[in-house]
Structures are given as C-alpha cells and as structure tokens.
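Below is one structure, written out as structure tokens; the observations come after it.
2 protein chains.
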Amino acid sequence: MTYCVAVRLDSGMIFASDSRTNAGVDQIATFSKMRVYEKNEDRLIVVLSSGNLGITQGVINLLDRHKNAEEGETTIWNVDSMYDAAAIVGEALREMQRRDGTFLTQGNVDAGASLIVGGQIKGEATRLFHVYAQGNFIEALGDTPYFQLGESKYGKPILDRVVTPSTPQKEAAKCVLISFDSTMKSNISVGLPIDMLWYPRDSLRVGLQQRIREGDPYFTMLRSRWGGGLRRVFAELPDPDWLE
Amino acid sequence: MTYCVAVRLDSGMIFASDSRTNAGVDQIATFSKMRVYEKNEDRLIVVLSSGNLGITQGVINLLDRHKNAEEGETTIWNVDSMYDAAAIVGEALREMQRRDGTFLTQGNVDAGASLIVGGQIKGEATRLFHVYAQGNFIEALGDTPYFQLGESKYGKPILDRVVTPSTPQKEAAKCVLISFDSTMKSNISVGLPIDMLWYPRDSLRVGLQQRIREGDPYFTMLRSRWGGGLRRVFAELPDPDWLE
Numbered sequence: 017m018t019y020c021v022a023v024r025l026d027s028g029m030i031f032a033s034d035s036r037t038n039a040g041v042d043q044i045a046t047f048s049k050m051r052v053y054e055k056n057e058d059r060l061i062v063v064l065s066s067g068n069l070g071i072t073q074g075v076i077n078l079l080d081r082h083k084n085a086e087e088g089e090t091t092i093w094n095v096d097s098m099y100d101a102a103a104i105v106g107e108a109l110r111e112m113q114r115r116d117g118t119f120l121t122q123g124n125v126d127a128g129a130s131l132i133v134g135g136q137i138k139g140e141a142t143r144l145f146h147v148y149a150q151g152n153f154i155e156a157l158g159d160t161p162y163f164q165l166g167e168s169k170y171g172k173p174i175l176d177r178v179v180t181p182s183t184p185q186k187e188a189a190k191c192v193l194i195s196f197d198s199t200m201k202s203n204i205s206v207g208l209p210i211d212m213l214w215y216p217r218d219s220l221r222v223g224l225q226q227r228i229r230e231g232d233p234y235f236t237m238l239r240s241r242w243g244g245g246l247r248r249v250f251a252e253l254p255d256p257d258w259l260e
Numbered sequence: 017m018t019y020c021v022a023v024r025l026d027s028g029m030i031f032a033s034d035s036r037t038n039a040g041v042d043q044i045a046t047f048s049k050m051r052v053y054e055k056n057e058d059r060l061i062v063v064l065s066s067g068n069l070g071i072t073q074g075v076i077n078l079l080d081r082h083k084n085a086e087e088g089e090t091t092i093w094n095v096d097s098m099y100d101a102a103a104i105v106g107e108a109l110r111e112m113q114r115r116d117g118t119f120l121t122q123g124n125v126d127a128g129a130s131l132i133v134g135g136q137i138k139g140e141a142t143r144l145f146h147v148y149a150q151g152n153f154i155e156a157l158g159d160t161p162y163f164q165l166g167e168s169k170y171g172k173p174i175l176d177r178v179v180t181p182s183t184p185q186k187e188a189a190k191c192v193l194i195s196f197d198s199t200m201k202s203n204i205s206v207g208l209p210i211d212m213l214w215y216p217r218d219s220l221r222v223g224l225q226q227r228i229r230e231g232d233p234y235f236t237m238l239r240s241r242w243g244g245g246l247r248r249v250f251a252e253l254p255d256p257d258w259l260e
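Chains as they are written, first to last, in the numbering used here: chain A, 17 to 260; chain B, 17 to 260.
Here you go:
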C-alpha cells in the first residue's frame with residue numbers, strides 16, 4: 017500500500033509520500049514514490065505515484081526518457097502548462113497499461129495505478145492534478161487544497177479539520193505529518209521513510225526536500241505528543257450521563 | 017453506506033449503528049440497522065447489518081419468522097450458544113444470496129452484505145461475531161474488543177487508541193460516539209440518528225437503548241468539544257523547524 021499527499025497552499029506546495037511497497041507480507045521493500053522534474057527558473061514538477069509498482073516505474077521511466085527526446089517532441093520539459101504535463105503523465109500511464117495491463121489482469125494481478133502531478137511552470141500559477149488509473153485527470157481548484165493517493169481514509173479527517181489554502185506552510189507540513197502518523201498507525205503497509213518536498217510559490221525550484229527516517233526527532237516527538245494530546249482531550253470530555 | 021460498531025467490554029457490550037441508507041444520492045432514507053432478540057433471563061442477541069438493504073432486510077425477516085417456527089426447529093430463540101446464533105445468521109444470509117444474489121449481480125448491483133451478531137445466552141459469557149458476505153464468521157477474542165461494519169476507516173483510529181476490554185462503559189460509549197463523529201464528518205452517506213444499546217454483562221436483558229437524533233445535546237457537545245480539542249492539541253504542537 018501507499019500513502020501520498022500533496023497540498024496546494026497560497027504560499028506554495030507540499031508533497032509527501034511514504035516509501036513502503038509490498039507484494040504480500042513477505043515481500044516488503046523501500047522505493048521512493050516521489051519524482052522531481054526541475055529546470056531552474058522554468059519549471060518544477062513533482063510526480064507522486066501509487067498502485068502497481070511495475071506500472072508506476074514504467075510511467076516514471078517514460079517521463080525520464082523525455083530528457084533524450086528529439087526536437088519538436090512534446091515532453092515534460094517543454095510543455096507550457098501543468099495541464100499538459102498532467103496529460104503527458106496520463107498518456108504514459110495508458111501506454112504502460114496497453115503494454116502490461118492485459119497480462120497482469122490475466123494473472124489476477126491488480127494493474128491499477130494512479131498519480132499526483134503538481135508544481136509550477138513559468139507563466140502559470142501553481143497547479144495540482146490527480147491522474148486516475150484510466151489516464152484521465154482532475155485538478156484541485158478553489159476549496160480543494162489537497163489530493164491523496166493510496167490508503168487515504170485514516171489520514172483524511174485531520175487534513176479536513178486543519179488545511180485550507182491560507183494555512184501557513186509550517187502548520188500544513190505539521191498536519192501532513194500527523195496525517196501520515198494516523199495512516200501508519202492503522203495500516204502497517206504504509207511506512208517510513210517519508211519523502212517530503214516544499215515548493216515555495218513562484219520560486220521555480222525546490223525549496224526543501226528531505227527524507228524523514230525512523231527515529232527522526234521531530235516526527236517522533238510529533239507522534240508521541242499528538243497521541244498523548246488526543247487521549248487528554250478525550251479524557252476531559254464528559255461521559256454520557258444516560259449510562260450507569 | 018453504513019457505520020456500525022459493537023464493543024465487548026468486561027462489564028458488558030455496546031452496540032451502535034447509524035441509520036442512513038442510500039441508493040444513489042437522490043434516494044436517501046432512514047432505516048434502523050439494529051435488531052434486538054431479547055428473552056428475559058434467557059438471552060439477549062443483537063444483530064447489526066450493513067450492505068445491500070434488500071438482502072439484510074431479508075435476513076432479518078428470516079430471523080423474525082423464528083418466532084413461529086415449528087417445535088424441534090433450530091432457531092435464534094432456542095440455540096444454546098452464541099456461536100450457533102452466528103451460524104443461523106450466516107445461513108440466513110446464504111439463503112438470501114441464493115434467492116437474490118444472481119439477479120443482483122446480473123443487474124450490476126452489489127449484493128454484498130455483512131452483519132455483526134453479539135450478546136449473551138444463559139450459561140455462556142458475552143460473545144461477539146462478525147458474519148461476512150459469504151456467511152462465514154469470526155469471533156472477537158482476547159485483544160480484539162470490537163468489530164465494525166461499513167465505512168470503518170475514519171472512525172477506527174480513536175477506537176484503537178482508547179478501547180480495551182477493561183475500559184469503563186461510559187468511556188467506551190463516549191469513544192464510540194466520537195468514532196461516529198469522525199465517520200459522519202468524512203462520509204455524508206453515514207448519518208443520524210444513531211441507535212445505541214448497552215447490555216450489562218450477565219443481565220440477560222437490554223440495559224439501555226436509545227436513539228441519538230439531530231440536536232441531541234450530549235452528542236452535539238461532544239462533536240464540538242472534540243473538534244475544538246483536536247485543533248487545540250494541533251496548535252500546541254511545535255512546527256517543524258526545517259521549514260521557513
């Protein structure tokens with residue numbers, strides 16, 4: 017399983033992904049699910065992925081090859097809109113499905129995969145897209161400041177309670193990490209390390225990228241104090257008086 | 017969608033179910049998903065249901081007819097173990113699937129349904145079972161003090177943090193209601209009223225049964241103070257220092 021979150025704030029964007037993959041409980045490995053395409057002062061595009069690892073690695077591989085594309089070809093490096101970047105990712109996903117999908121389905125393997133594509137291309141605002149398994153996609157607009165991939169339900173309530181476009185980035189990062197804590201607590205197939213990236217609006221380059229590993233002091237403190245705080249709030253609430 | 021929880025405590029059992037059913041967003045109705053079979057000083061059996069409403073109503077209908085069963089027939093009123101009661105419910109579910117399942121599947125309608133069966137029969141301890149869509153079932157033993165049905169993920173983290181078999185009943189009831197709050201906040205197809213039942217161990221009768229409706233003062237207070245408390249705990253946690 018996977019858990020990824022991308023948040024679009026007024027001040028910039030936060031991307032986060034876990035890195036555990038599993039094919040059965042006896043085949044667990046660590047793979048980054050975040051890929052960054054950065055061309056200084058021109059574009060910063062982040063792709064988060066979930067689902068069948070062969071399919072998503074194939075998608076990333078197709079995107080990586082854009083480096084060596086022939087002149088005139090439309091690539092992730094020359095499209096002038098994030099909308100077109102999302103369409104390119106969707107097309108790469110369809111290509112992988114055409115190549116491997118039928119074989120996986122025949123073997124009763126789930127070929128499903130979906131991705132988040134976000135960032136900024138010079139001349140546009142920051143934009144955030146969710147690319148579905150069929151290669152179609154939607155954009156986060158207005159009141160929808162975030163998208164999730166994978167095991168999304170456990171970590172959604174805290175995002176809904178806290179994050180709006182005007183939330184300061186530090187607070188939003190804290191909220192994203194608590195959302196990861198809730199998810200990892202309930203689903204052991206989501207695990208550390210967490211890859212986290214902060215993109216400051218209009219900077220057209222990575223603001224900060226870091227990997228949160230087991231024993232990370234801030235995340236450890238956050239997990240313990242959040243759990244303790246929840247239990248404290250719970251204890252302070254009055255019991256129902258209709259029960260003896 | 018549905019949300020149901022049943023908790024087995026040292027002191028007794030709590031059952032709770034929402035009552036919203038929907039077949040598309042334009043067909044929403046209120047149906048109780050809790051059925052109680054009570055024979056004073058002999059047995060108290062509670063059935064919670066989720067899934068295809070035609071199927072689960074059919075199951076309940078079959079169980080209700082046990083009232084008029086011929087002598088010698090095995091019914092929910094004369095089995096001497098909760099294990100057999102769970103088997104009867106599983107068998108009723110299979111009978112409904114035999115009757116309607118194929119037709120529903122042909123019409124691309126999800127025929128899935130699952131139930132919780134819990135309570136106590138004289139001579140046994142309290143017992144709690146989860147009956148799956150295929151009619152097989154498992155029992156809550158040892159460290160598993162609760163089962164959920166339906167939209168279970170949003171409301172699971174708080175149950176995991178708080179409820180153990182030794183949790184006092186008032187505290188467990190409070191926790192179950194907060195679990196409902198988290199679920200209803202994230203999934204509008206789970207809705208009030210909540211049917212709640214408290215069964216005190218070895219009493220062999222309903223301890224308390226009540227319906228929590230819109231505007232219920234205790235539940236309203238709980239929702240507002242829980243949300244406020246979460247935001248307070250969140251605000252008190254330090255921001256990450258690695259982000260400007």
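A virtual CB, placed ideally from N, CA and C, is assigned to each residue, including glycine.
Item: Segments of 4+ residues assigned as alpha helix (DSSP H) that fall wholly inside the segment 143 to 183 of chain A; Value: 172 to 178
Item: Straight-line gap, B/S27 to B/L213 (C-alpha atoms, nearest Å); Value: 14 Å
Item: B/K186 vs A/L246 beta-carbon contact at 8 Å; Value: no
Item: Backbone secondary structure at A/K190 - three-state DSSP; Value: helix
Item: Selected residue, minimal CA-CA separation from B/R36, among B/L238, B/G158, B/R229, B/N84; Value: B/R229
Item: Proximity winner among B/V133, B/V206, B/D232, B/K172, relative to B/T18 (alpha-carbon distances); Value: B/V206
Item: Proximal residues of chain A, C-beta to C-beta of B/D255 below 7 Å; Value: K186, E187, K190
Item: Contacts of A/G245 in chain B (Cβ-Cβ under 9 Å); Value: G245, L246, R248, V249, F250, E252, L253
Item: Min CB distance B/P181 to chain A below 8 Å; Value: no
Item: Chain B contact for A/V62 (CB, 8 Å cutoff); Value: no
Item: Any 3 or more C-beta pairs closer than 8 Å across the segment 144 to 153 of chain A and the segment 170 to 182 of chain A; Value: no
Item: Chain-order list of residues whose beta-carbon lies under 7 Å from that of A/V222 (same chain, five-residue window excluded); Value: V52, E54, L60, L213, Y215
Item: Same chain only: Cβ atoms within 6 Å of B/R143, ignoring 5 sequence neighbours per side; Value: M98
Item: Nearest-angstrom Cα separation, counted from B/P254 out to A/D218; Value: 27 Å
Item: DSSP-derived helix/strand/coil call for A/P233; Value: helix
Item: B/L64 beta carbon less than 8 Å from that of B/L131; Value: yes
Item: Whether A/V2 touches A/M112 by CB criterion (8 Å); Value: No information on residue 2 of chain A is available, as it lies outside the stretch 17 to 260 that chain A covers here.
Item: A/A188 beta carbon less than 8 Å from that of B/P256; Value: no
Item: A/V206 at chain B interface by Cβ criterion, 8 Å; Value: no
Item: Proximal residues, the segment 99 to 120 of chain B versus chain A, C-beta separation under 7 Å; Value: none
Item: Local Cβ density within 10 Å of B/E134, reported as buried at 16 or more and exposed below that; Value: The residue asked about is misnamed: residue 134 of chain B is Gly in this sequence, not Glu. Buried: at least 16 other Cβ atoms inside 10 Å.
Item: In DSSP terms, what B/F31 is bridged to; Value: B/A22, B/L213
Item: N- and C-terminal bounds of the alpha helix (DSSP H) containing A/T72; Value: 69 to 80
Item: Minimum C-alpha distance to A/G158 - residue among A/L25, A/A129, A/M200; Value: A/L25
Item: Beta-carbon contacts of B/S195 that lie in its chain and below 7 Å, excluding the five residues immediately before and after; Value: V21, G171, I174, L175
Item: CB contact flag (B/T23, B/Y162, <8 Å); Value: The residue asked about is misnamed: residue 23 of chain B is Val in this sequence, not Thr. A contact, by the Cβ cut-off of 8 Å.
Item: The alpha helix (DSSP H) enclosing B/Q122, as first and last residue numbers; Value: 118 to 122
Item: Opposing strand residues paired with A/L131 [DSSP bridges]; Value: A/S65, A/V147
Item: Proximal chain A residues relative to B/W242, where beta-carbon distance stays under 9 Å; Value: V249, F250, L253
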